[in-house]
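K.L.:
Chains X and R are the protein sequences, given in the same order. With the first letter of the first sequence counted as 1, position 52 gets the number 52 in this note's numbering; the numbers rise by one all the way through. Position in the second sequence (first residue = 1) + 391 = this note's numbering. Glycine included, each C-beta is placed from N, C-alpha and C at the ideal position. Nothing here was measured: the structure is a model prediction, and the numbers come from that model. A single structure is presented below for examination.
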Amino acid sequence: MPRVAIVGAGMTKFVRRAQETAKELAWEAASMALESCEMTLDDIDCVVLGSAPDAFDAVHMKSEYLSDGAGAWGKPYIRCYVGGGTGVFAVIQGWYHVASGVFDTCLVVCEEKMSSCMPHPQGAFLTIFDHTTERPLGPNLLWIFALEMNAYMNRYGLRKEDIAYVTVKNRRNAADHPCALLGDPNITVQDVLNSEVLAWPVQRLDVSPISDGAVAIVLAAEHVARRVTNKPVWIEGVGWALDTAYWTNRDLSYPVYVEEAARMAYKMAGIKEPRKEIHIVEPYDPFDYKELHHLEGLLLADRGKAPEDAARGRFDRDKESEPDWLPSSPSGGLLGVGNPIAAAGLMKVAEIFWQLRGEAGKRQVPGNPKRGLAQAWGDLMQVGTVVILGI
Amino acid sequence: MSVHINEFPGIYAKEEDFAEGKILYTVWYPKLHYAWDAGVAIGRYLAELKEGRIIGRKCRKCRRIMVPPRMFCEHCFRPTDEWVYLKDTGTVLTFSICYVTWDMVRVKEPQIPAVIQIDGASKGMGIMHLLGEVEPGKVHVGMRVKAVWKPPEEREGAITDILYFKPLE
């Protein structure tokens with residue numbers, strides 16, 4: 001199987017409402033990714049697009065609509081969509097295009113424009129609930145997160161203040177990200193605890209913002225990658241898994257599907273001791289508790305212990321002296337940079353790419369990290385997608 | 392962020408730019424109506440709700456008694472075998488106290504959605520419903536609850552034939 005590397009990446013700012021159309025955002029990110037590795041569209045063999053439901057844009061077959069901006073015209077092209085897991089899954093899909101040996105290069109583009117959906121994109125999200133047994137109860141999307149967060153807190157006796165530090169860490173990290181929507185170097189745990197209660201235990205600052213934005217990366221088979229760059233970042237392992245859609249029949253306190261996806265990726269990458277062999281991690285953080293939940297699912301923290309690890313600074317970007325130090329969401333994550341669904345997941349992969357190349361600027365994790373993991377999650381709290389990158 | 396990139400694209404459109412007509416846009420109100428067939432398993436579930444009963448479905452292979460009922464077992468990937476009447480009481484597995492509507496308008500009286508494990512079904516088999524007749528601050532995981540039904544003449548074969556679950560004590 002050919003080795004596959006990421007050789008270039010680009011992204012737009014993440015903003016609450018972008019003046020650009022979805023197509024224009026996709027073009028900005030895709031052209032920047034190509035430029036970053038001095039390639040042109042002629043060098044691209046196939047294109048993978050990730051984007052969330054058509055209902056956000058009210059455009060039927062959004063993949064076709066976005067194809068021009070994604071550079072897909074006249075090329076083998078496919079769109080993937082696995083809810084919030086899309087941004088990382090798009091990389092997996094691009095990887096198997098190239099790893100199959102059929103294509104030498106693949107452009108992966110993820111775009112999201114959530115602001116078009118009025119008055120709130122939740123109107124489109126609500127259709128994840130079962131139309132007969134759940135929607136007549138008048139649910140809103142926050143319910144499932146609140147129910148899951150409470151199940152997690154109750155299982156391990158966690159308090160809100162144990163979890164709120166994730167928001168603080170990520171928004172402080174995001175202050176150094178030039179594309180971030182909500183960077184804030186001065187935010188405190190008390191700010192999070194004082195924020196408006198939406199659906200207890202979820203408060204305003206526990207949640208990532210609605211955003212518009214796009215991210216793109218370029219994948220290449222080894223023989224091309226070595227010609228294009230002297231710093232290829234290899235895709236060493238990928239994994240994905242799905243749990244049952246009967247979400248009220250599951251133990252919501254632990255993401256089994258994330259563990260299954262992680263085990264698949266660790267096996268492929270030959271990783272036996274993830275806590276020693278993974279140097280930086282970008283777990284999916286649409287809510288603060290989700291980052292902790294996912295770190296446990298990824299086997300990078302003991303069950304129920306991620307909150308105290310976070311509180312002692314184990315996941316901070318610069319606390320090298322902490323035992324088992326593991327910088328988590330050095331980008332600032334969805335909580336800080338923003339959450340344009342599919343683009344947010346790919347942003348996490350792009351961050352690991354920049355970090356491993358030593359190009360993350362003010363966000364650079366010290367100690368020359370050699371291997372990183374990005375993970376996303378979605379659907380009805382049931383899909384896990386994992387990519388492991390290394391140099 | 393790469394350190395080689397100085398300027399990132401993306402124009403932050405401010406609300407006032409729209410209000411003042413500096414940024415043009417088009418508005419569309421979709422008119423979409425759907426009628427979903429309840430299906431075999433949920434059809435029976437709804438018919439029993441109309442009679443004031445909760446019904447589940449059993450798989451003889453894994454021995455799970457499942458609610459909501461289904462005609463196939465997703466674990467064993469085989470047909471389920473029999474209908475089983477369950478109780479209309481249960482245990483709160485998790486809950487939320489929600490102060491906003493889906494479009495983020497604040498409400499005075501919070502809704503209390505919960506996952507309720509139904510007595511008679513297998514461990515962990517819950518359904519989503521609402522809690523009522525309870526102080527929000529008194530709700531806890533593990534709380535025993537009982538369904539409050541609509542009067543029989545008002546039931547229509549819907550999940551809302553149960554108005555909410557209230558504390559059992």
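Between the C-alpha atoms of X:Thr105 and X:Pro2, what's the straight-line distance to the nearest angstrom?
P.N.:
Whole-angstrom Cα-Cα distance: 12 Å.
K.L.:
Specify whether the region 140 to 153 of chain X and the region 59 to 76 of chain X touch according to this definition: at least 3 beta carbon pairs, one from each stretch, less than 8 Å apart.
P.N.:
Counting Cβ pairs under 8 Å, fewer than three are found: no touch.
K.L.:
Indicate whether X:Ala30 and X:Met11 have their beta-carbon atoms separated by less than 8 Å.
P.N.:
Cβ distance not < 8 Å, so X:Ala30 and X:Met11 don't count as in contact.
K.L.:
Mind checking which residues open and close the beta strand (DSSP E) that includes X:Ile198?
P.N.:
Looking at the sequence itself, residue 198 of chain X is Leu, so the reference to Ile does not match. Note, X:Leu198: beta strand (DSSP E), 197 to 200.
K.L.:
Report the neighbours of X:Ala58 on chain R: residues whose CB is nearer than 9 Å to its CB, in chain order.
P.N.:
What X:Ala58 touches in chain R: Trp419, Pro421.
K.L.:
Put X:Gln190 into one of helix, strand or coil per three-state DSSP.
P.N.:
Helix, per DSSP.
K.L.:
Quick check: is the beta carbon of R:Phe486 nearer than 8 Å to any beta carbon in chain X?
P.N.:
By this cut-off, R:Phe486 is an interface position.
K.L.:
So for X:Val215, helix, strand or coil by DSSP?
P.N.:
Strand at X:Val215.
K.L.:
Could you pull out every residue in the same chain whose Cβ sits closer than 6 Å to the Cβ of R:Ala512, ignoring the five residues on either side in sequence?
P.N.:
Same-chain partners within the cutoff: Gly447, Ile456, Val458, Leu477.
K.L.:
Where does X:Ser321 land, buried or exposed, given buried means 16+ other C-beta within 10 angstroms?
P.N.:
Exposed: under 16 other Cβ atoms inside 10 Å.
K.L.:
To the nearest angstrom, report how far apart R:Tyr420 and X:Glu134 are at their CA atoms.
P.N.:
Answer to the nearest angstrom: the Cα atoms are 25 Å apart.
K.L.:
How many Å lie between X:Gln122 and X:Val215 at the Cα?
P.N.:
Roughly 23 Å separates the two Cα atoms.
K.L.:
Return the CA-CA distance between X:Val197 and R:Phe409, expressed in angstroms with no decimal places.
P.N.:
When rounded, the distance between both Cα atoms is 29 Å.
K.L.:
To the nearest angstrom, report how far apart X:His120 and X:Leu137 are at their CA atoms.
P.N.:
Spanning the two alpha carbons is a distance of roughly 19 Å.
K.L.:
May I ask which residues mark the beginning and end of the alpha helix (DSSP H) holding X:Met347?
P.N.:
First-last of the alpha helix (DSSP H) with X:Met347: 341 to 356.
K.L.:
What whole-angstrom Cβ distance do R:Leu415 and R:Thr480 have, given they're in contact under 8 Å?
P.N.:
About 58 Å separates the two Cβ atoms, so there is no contact after all.
K.L.:
Apart from the five residues just before and just after X:Asp184, which ones in its own chain have a Cβ nearer than 8 Å to its Cβ?
P.N.:
Counting only Cβ-Cβ distances below 8 Å, and skipping sequence neighbours, we find Arg171, Arg172, Ala174, Ala175, Gly336.
K.L.:
So what does R:Asp510 bridge to, in DSSP terms?
P.N.:
DSSP lists R:Ala512 as partners of R:Asp510.
K.L.:
Specify the secondary structure class of X:Gln396 as computed by DSSP and reduced to three states.
P.N.:
Limits of chain X in this structure are 1 at one end and 391 at the other, which puts residue 396 of chain X out of reach.
K.L.:
I'd like to know whether the C-beta of R:Thr551 is nearer than 8 Å to at least one C-beta of chain X.
P.N.:
By this cut-off, R:Thr551 is an interface position.
K.L.:
Tell me the DSSP secondary structure of X:Ser328 in three-state form.
P.N.:
Reduced to three states, the DSSP call for X:Ser328 is strand.
K.L.:
If we ignore side chains and look at the alpha-carbon of each, how far apart do X:Ser51 and R:Trp427 end up?
P.N.:
The alpha-carbon atoms of X:Ser51 and R:Trp427 are separated by roughly 26 Å.
K.L.:
Anything in chain X within Cβ reach of R:Glu465, meaning under 8 Å, just list it in chain order.
P.N.:
In chain order: Thr244, Tyr246.
K.L.:
Residues of chain X with a CB under 8 Å from the CB of R:Val491: which are they?
P.N.:
Within chain X, the residues near R:Val491 are Asn140, Leu142, Leu198, Ala199.
K.L.:
Is it true that the CB of X:Thr229 sits closer than 8 Å to the CB of X:Val400?
P.N.:
A question about residue 400 of chain X goes unanswered here, because the residues of chain X that appear run from 1 up to 391.
K.L.:
Look up X:Lys62 in the DSSP assignment and say whether it is helix, strand or coil.
P.N.:
X:Lys62: helix per DSSP, three-state reduction.
K.L.:
When DSSP labels each residue in this structure, what does X:Glu222 get in the three-state scheme?
P.N.:
Helix at X:Glu222.
K.L.:
Quick check on the burial criterion: 16 or more other C-beta atoms within 10 angstroms. Buried or exposed for X:Tyr190?
P.N.:
According to the sequence displayed, residue 190 of chain X carries Gln and not Tyr. X:Gln190 is exposed by the Cβ-count criterion.
K.L.:
So, do the region 354 to 368 of chain X and the region 251 to 260 of chain X have three or more beta carbon pairs nearer to each other than 8 Å?
P.N.:
Judged by Cβ distances under 8 Å, the region 354 to 368 of chain X makes no contact with the region 251 to 260 of chain X, as fewer than three pairs qualify.
K.L.:
Which residues share a DSSP beta bridge with X:Ala282?
P.N.:
Note that residue 282 of chain X corresponds to Glu in the displayed sequence, not to Ala. X:Ala374, per the DSSP bridge assignment.
K.L.:
Please look up how many angstroms separate the CB atoms of R:Ile488 and R:Ile503, rounded, as I've assumed it's under 8 Å.
P.N.:
6 Å between Cβ atoms; contact.
K.L.:
For X:Ser211 and X:Phe14, which I take to be in contact (beta-carbon distance under 8 Å), what is that distance rounded to the nearest angstrom?
P.N.:
About 5 Å separates the two Cβ atoms, so the contact holds.
K.L.:
Please classify R:Ala337: is it buried, with 16 or more other beta-carbons within 10 angstroms of its beta-carbon, or exposed?
P.N.:
The question about residue 337 of chain R has no answer, for chain R in this structure spans 392 to 560.
K.L.:
Quick check on the burial criterion: 16 or more other C-beta atoms within 10 angstroms. Buried or exposed for R:Val496?
P.N.:
By the neighbour-count rule (16 or more Cβ atoms within 10 Å), R:Val496 is not buried but exposed.
K.L.:
Output needed for X:Leu373: all residues of its chain with C-beta closer than 6 Å, excluding positions within five of it in sequence on either side, in chain order.
P.N.:
The answer, listed in chain order, is Ile278, Val281, Ile388.
K.L.:
What residues of chain R sit near X:Thr86, judged by a beta carbon separation below 7 Å?
P.N.:
Simply none; closest approach about 20 Å.
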